[in-house]
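J.: Below you'll find the structure I mean.
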Amino acid sequence: MFTRRNLFENIGLAVILNLVVKSAWILVNNVVQDRLGHGAFGTFMALYSLGFLFLALSDLGINQYSTKTLASQPQLLKRLFPTLFSLKIVLSIIYPVFMLGVGYVLGYNSDQITYLFLLCLLHGIVQINFFFRANFQAFQKFRLDAFASVFDRAILLGIVAFLLLTEIDLNSYILANILSVAVTMIILYILLTRQIGFIAPRWNGRQARDLLKRSFPFAIITVLYSINDKVDQVMLERLLGPDEGALQTSLYAGAYRWVDAVMMYLWTVLPIFFAKFARHIGEEKKLSRLLAFGQPLAAVPMIFTGGFVFLYGEKLLWLFKSSTEAELMVMDSCLHILFIAVVINGFFAIYSTLLTSTNHERFVSWMIAGSILINVSLNFIFIPEFKAIASAWTTVVSYAFLSLSYLYYIQFRMKVRIPFLQLGKLLAMATLFGGAYYALSLTDLKWYLTTGIAAMVLVGLTFALRVVRLKQNVE
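All residue numbers for the sequence shown refer to the working numbering, where the first residue is 79 and numbers rise by one.
Printed below as a string of structure tokens:
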């Protein structure tokens, strides 16, 4: 019997591994940004984000389709995997070549177009790695997936640490990223063959067309999520011009990096629930139990990190030794605003996971499209005056819109029960925790002691309010 404790242990392993490796990477990446300078790093982030906008071209929904299909029908593996793998290889080759044309149309110079090609090659390899991990998730190999989720960052940490001790520039930094994901791709393929046996890629045109048709709804969602996630940084660089745009993009990225770091917890946990939800399509009671169990697991860590950033966000920027006081103030402001979006996601991102894993992709696609329209429209209006701060607020507004739409749809269009009592407990816990944390911050205690005591308060509230219970079955 798969119990809540089993699921909690798998999630715990994934979180610990990501916390150790990716937290270290965030700190090292701050040093890299400081060493390269805001101008160079801003250009890097703008090109990286531009590639991310078109990320669906390297996947076309194959990863999520694989997880969902194989989780519910594992017997299809040997029939589908060769063609799926072939598709991934072909798409990962086409995608960076296509982006050369995009860079040319947008007026980038030759060096920038070269960087764009390399970064899109990087994205393509990462998508192949996600495809391998999708198979681990589909077959409920969550522990193996937990280790797989940190391979690339662990390798990259070693390479970049060496570069920082010798000499680092934008060229070597990009190549280090590509090398780390390429090595990871080889490792993951070896691990996958040990789990399922050796299955080589094999092209089947008719099957490929059928698979692309079936994965298309997920491709639309990938496109929309990519745009919604990275359009701010592209618009900052394009609307404000090369110099000011690169600076504002870098400042925004300095804050957003911590959003990515914290959200990595959700992107580690939610794929586990995606696979579990997909396994129980049509079983409303089991889906409701999984949703009720996953809700606090997603929300509680976001509540804690949100409280820390609201009170001590400036502590996360201590490695920016070369930044001016004005630049640090912009990053700090963006950090505070963006973590409102983080807390919102902590509460409601699991509802999106439920919808996309249970055949409600079309609704999710329309809602993300609406969110993008809101985001882009507000960016056009406010970026020229408020710059990076504007992008941070538009992110909050778009995430709030998405969350409310998911709640409405599940409540009135699905038979899965929304755990309103649990949501109420989480809101009460967040309020009590925030109040206690703020009161502690007014004392003479050091910030780390205050944070440690606040963490214990949060743990106590979690048990006192019975927000998480580990002993009940989820299947």
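From the three backbone atoms N, C-alpha and C, an ideal C-beta is built for every residue, glycine too.
Nothing here was measured: the structure is a model prediction, and the numbers come from that model.
Tell me the DSSP secondary structure of VAL545 in three-state form.
T.: Three-state result, VAL545: coil.
J.: Closest to VAL99 by CA distance: which of VAL340, LEU253 and VAL545 is it?
T.: Per the Cα distances, VAL340.
J.: Alpha carbon to alpha carbon, how far is PHE119 from ASP230?
T.: Near 21 Å, if we compare the C-alpha coordinates of ASP230 and PHE119.
J.: Inspect the beta-carbon positions of ARG495 and PRO295 and report whether they are closer than 8 Å.
T.: Their beta carbons are not under 8 Å apart, which means ARG495 does not touch PRO295 by this criterion.
J.: Is SER430 buried or exposed, if buried means 16 or more other CB atoms sit within 10 Å of its CB?
T.: Buried.
J.: Report the CB separation of PRO174 from GLY202 in whole angstroms; it is logged as a contact under 8 Å.
T.: Contact holds; Cβ gap of about 6 Å.
J.: If we ignore side chains and look at the alpha-carbon of each, how far apart do ILE268 and GLN205 end up?
T.: So the two alpha carbons sit approximately 17 Å from each other.
J.: Give the list of continuous alpha helix (DSSP H) stretches no shorter than 4 residues that lie fully inside the segment 240-275.
T.: Runs of the alpha helix (DSSP H) inside the segment 240-275: 248-274.
J.: Count the other CB atoms, across all protein chains shown, that sit within 10 Å of the CB of LYS493; report buried if there are 16 or more and exposed otherwise.
T.: LYS493 should be labelled exposed.
J.: Quick one: what's got a C-beta closer than 7 Å to ARG280's C-beta in the same chain, skipping five residues either side?
T.: Excluding sequence neighbours, ARG280 sits near PRO160, THR161 and SER164.
J.: At least one CB of chain C closer than 8 Å to the CB of LEU406: is that the case?
T.: Looking at the structure shown, chain C is missing, and only one protein chain is on hand.
J.: Can you list, in chain order, the residues of its chain with a C-beta nearer than 8 Å to that of VAL474? Leave out the 5 residues immediately preceding and following it.
T.: Correct list, in chain order: ILE415, LEU416, ILE418, ALA419 and ILE422.
J.: Determine the direct distance from the alpha carbon of ALA254 to that of LEU389, and round the result to whole angstroms.
T.: The straight-line gap from Cα to Cα measures roughly 35 Å.
J.: Roughly how many angstroms separate the alpha carbons of MET534 and LEU527, rounded to a whole number?
T.: If you take the alpha carbons of MET534 and LEU527, they lie about 11 Å apart.
J.: Quick one: Cα of ILE488 to Cα of PHE386, how far?
T.: For ILE488 and PHE386, the distance between alpha carbons rounds to 31 Å.
J.: Sort GLY323, GLY530 and LEU302 by Cα distance to TRP444 and report the nearest one.
T.: Checking every option, the nearest Cα to that of TRP444 belongs to LEU302.
J.: Quick one: what's got a C-beta closer than 8 Å to LEU270's C-beta in the same chain, skipping five residues either side?
T.: Closer than 8 Å at the Cβ level, and outside the excluded window around LEU270, lie PHE210, ASN213 and PHE214.
J.: When we look at the beta-carbon of ILE171 and count the other beta-carbons within 10 Å, is it buried (16 or more) or exposed?
T.: Looking at its Cβ environment, which holds fewer than 16 other Cβ atoms inside 10 Å, ILE171 is exposed.
J.: Under the rule that 16 or more other beta-carbon atoms within 10 Å means buried, what is LYS166, buried or exposed?
T.: Result: buried.
J.: Tell me whether the segment 510-522 and the segment 535-546 touch, counting them as touching only if at least three CB pairs, one residue from each stretch, are closer than 8 Å.
T.: Touching, per the Cβ criterion.
J.: Between ASN255 and the ligand MN, is there a pair consisting of the residue's CB and a ligand heavy atom that are separated by less than 7 Å?
T.: With respect to the ligand MN, the structure shown offers nothing to examine, as it has no ligands at all.
J.: Distance check for THR472 and PHE122, CA to CA, integer angstroms please.
T.: Spanning the two alpha carbons is a distance of roughly 22 Å.
J.: Since LEU234 contacts PHE355 with CB under 8 Å, what's their CB separation in whole angstroms?
T.: In fact, because the Cβ distance is near 31 Å, the residues do not count as touching under 8 Å.
J.: From HIS438, VAL546 and LEU241, pick the residue whose C-alpha is nearest to that of GLY25; which is it?
T.: The displayed coordinates of the chain run from 79 to 553. Any statement about residue 25 would go beyond what the structure contains.
J.: Which ranges does the alpha helix (DSSP H) cover as unbroken runs of at least 4 residues, wholly within the segment 464-530, from first to last along the chain?
T.: For the segment 464-530, whole alpha helix (DSSP H) runs of length 4 or above, ordered along the chain, are 466-491 and 498-519.
J.: Would you mind reading off the limits of the alpha helix (DSSP H) that contains PHE425?
T.: First-last of the alpha helix (DSSP H) with PHE425: 403-435.
J.: Expressed to the nearest angstrom, what Euclidean distance is found between the alpha-carbon atoms of VAL337 and ALA286?
T.: Their backbone Cα atoms lie some 36 Å apart in a straight line.
J.: Beta-carbon within less than 8 Å of TYR193's beta-carbon, same chain only, minus the 5 sequence neighbours each way: which residues are those?
T.: Here the set comprises THR121, PHE122, LEU125, LEU248 and ILE252.
J.: Short of 8 Å in beta carbon distance, which residues of its chain neighbour SER250, apart from the five on each side in sequence? Order them along the chain.
T.: So the list reads LEU241, once near-sequence residues are dropped.
J.: Are the segment 391-404 and the segment 452-463 touching, with three or more C-beta to C-beta distances below 8 Å?
T.: The segment 391-404, when compared against the segment 452-463, does not touch it at the 8 Å Cβ threshold.
J.: Grouping DSSP H, G and I as helix and E and B as strand, with all else coil, what is ALA447?
T.: ALA447: helix per DSSP, three-state reduction.
J.: Using C-beta distances below 7 Å, list every residue in its chain close to ALA377, excluding the 5 sequence neighbours before and after it, in chain order.
T.: GLY424, PHE425 and LEU504, listed in sequence order.
J.: Please work out which residues of its chain come closer than 7 Å, Cβ to Cβ, to PRO374, disregarding the five sequence neighbours upstream and downstream, and give them in chain order.
T.: The answer, listed in chain order, is GLN500, LEU504, VAL545 and VAL546.
J.: So which of ALA224, PHE351, SER127 and ILE305 has the shortest CA-CA distance to LEU200?
T.: That would be SER127, whose Cα lies nearest to the Cα of LEU200.
J.: Here's a check: name, in chain order, each residue in its chain whose Cβ is nearer than 6 Å to the Cβ of PHE398, leaving out the five neighbours to either side.
T.: If we look at PHE398 and ignore the five residues flanking it on each side, its Cβ neighbours are ASP112.
J.: In whole angstroms, what separates the C-alpha of LEU318 from that of LYS465?
T.: The straight-line gap from Cα to Cα measures roughly 8 Å.
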